[in-house]
Structures are given as structure tokens and as C-alpha cells.
Amino acid sequence: MAIWGAQGIRDSIRKAYRKHLRMLEEEAGPEEGVEPHHVALHGALLLRYAAAYRAKPGALVWLELGPFLALDPEPALDALAEYVVFKERPRQARRDLLKARIREGLRLMTAEDQQFFLSAARRHRFAWSSLAGQACDPEH
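First residue of the sequence shown? That's 0 in numbering that gives the first Met the number 0, and the numbers climb one at a time after it.
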């Protein structure tokens with residue numbers, strides 16, 4: 000496990016995700032209808048913000064996770080880890096992978112949800128919005 004640099008960021012996100020999944024398994028679990036995977040993604044990103052002394056409201060973090068929530072667990076976790084690298088060390092991020100996963104997540108949503116999350120991304124200036132491109136356009 001790397002400590003520094005882009006790989007250290009990726010590893011820390013994966014570790015935080017796994018920690019949140021374990022906590023959910025040990026406790027009663029999330030509320031009914033809430034995927035443990037989603038709660039673990041949320042917890043990992045929320046923890047990253049807190050560790051950097053940039054705490055954000057939990058509801059805002061849920062909005063930021065929009066395209067990642069639509070993906071299957073492994074691709075979502077990989078994408079979230081890369082997203083944090085993109086935000087903190089943009090030159091070291093695997094942009095093509097991240098862009099593809101963000102666009103895939105948006106395409107998996109209903110048109111209404113796509114518009115909701117894209118609007119929220121622009122309004123709150125989420126870093127992933129610059130990579131979303133024409134995700135909602137079926138020709139792209």
C-alpha cells in the first residue's frame with residue numbers, strides 16, 4: 000500500500016471504503032433500501048474531505064457521488080479513487096478511465112436523474128462535471 004502520491008490517494012480511498020463496509024456489516028447496516036456499497040462510497044469521500052480539513056455537508060457529498068452511484072461496486076470504487084486523485088493531483092490522474100466511468104454512470108441513469116446530477120454538478124462546481132461532456136447525448 001502506497002502512502003504518498005496518486006497511488007497513496009487511491010489506496011486510502013479503497014481502505015476507507017472497505018472500513019465503512021465492515022462497519023455496516025458489524026452494525027445493523029444502512030437503512031432499508033440503501034445499498035451498503037453506496038454508504039461506503041459516501042463514507043470514503045466524506046472521510047477524505049474531513050482528513051483534508053475541508054468538511055462538506057453529507058447531502059452535498061451524496062450529490063457529488065451521483066455518477067459513481069450508478070456503477071457496479073468495483074468500477075465505482077476505482078472511479079471514486081481516481082476522482083479524488085483528479086481533484087488533488089490532476090496531472091497524475093487517469094483521466095480517460097475517469098471520464099469513461101463518469102459518462103457510463105450518467106448513461107445508466109434516467110434522463111431526469113442525469114439532468115438533476117449534471118445541474119447539481121454545475122451549480123456546486125463538482126470537479127467531475129468537466130469530464131461529463133455529452134454524457135446524456137445518445138450519439139456520444
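Cβ coordinates follow ideal geometry from the N, Cα and C atoms, glycine included.
These numbers come from a predicted model, not from an experiment.
About 6 Å separates the Cβ atoms of leucine 97 and phenylalanine 85, confirming a contact at the 8 Å cut-off. Residue environment analysis places tyrosine 16 among the buried positions, since at least 16 neighbouring C-beta atoms fall within 10 angstroms of its C-beta. One thing to note: alanine 69 has its Cβ within 9 Å of the Cβ of glycine 104.
Around the C-beta of arginine 53, fewer than 16 other C-beta atoms lie within 10 Å, and the residue is accordingly described as exposed. Boundaries of the alpha helix (DSSP H) around methionine 22: 4–25. In this structure, the beta-carbon distance from alanine 78 to proline 89 does not fall below 9 Å. A distance below 8 Å between beta-carbons, with the five flanking residues on each side excluded, links alanine 126 to the following residues of its chain, in chain order: Tyr82, Phe85 and Lys86. Taking C-beta atoms as the reference points, alanine 110 and leucine 62 fail to come closer than 9 Å. In this structure glycine 4 touches glutamine 91 by the C-beta definition: roughly 7 Å separates them, less than 8 Å.
Put simply, the backbone Cα of arginine 9 is about 5 Å away from that of alanine 80. Counting along the chain, the unbroken alpha helix (DSSP H) around aspartate 95 starts and ends at 94–106. DSSP places alanine 54 in the coil class of the three-state scheme, outside both helix and strand.
Between the C-alpha atoms of glycine 132 and arginine 102 there is a straight-line separation of about 8 Å.
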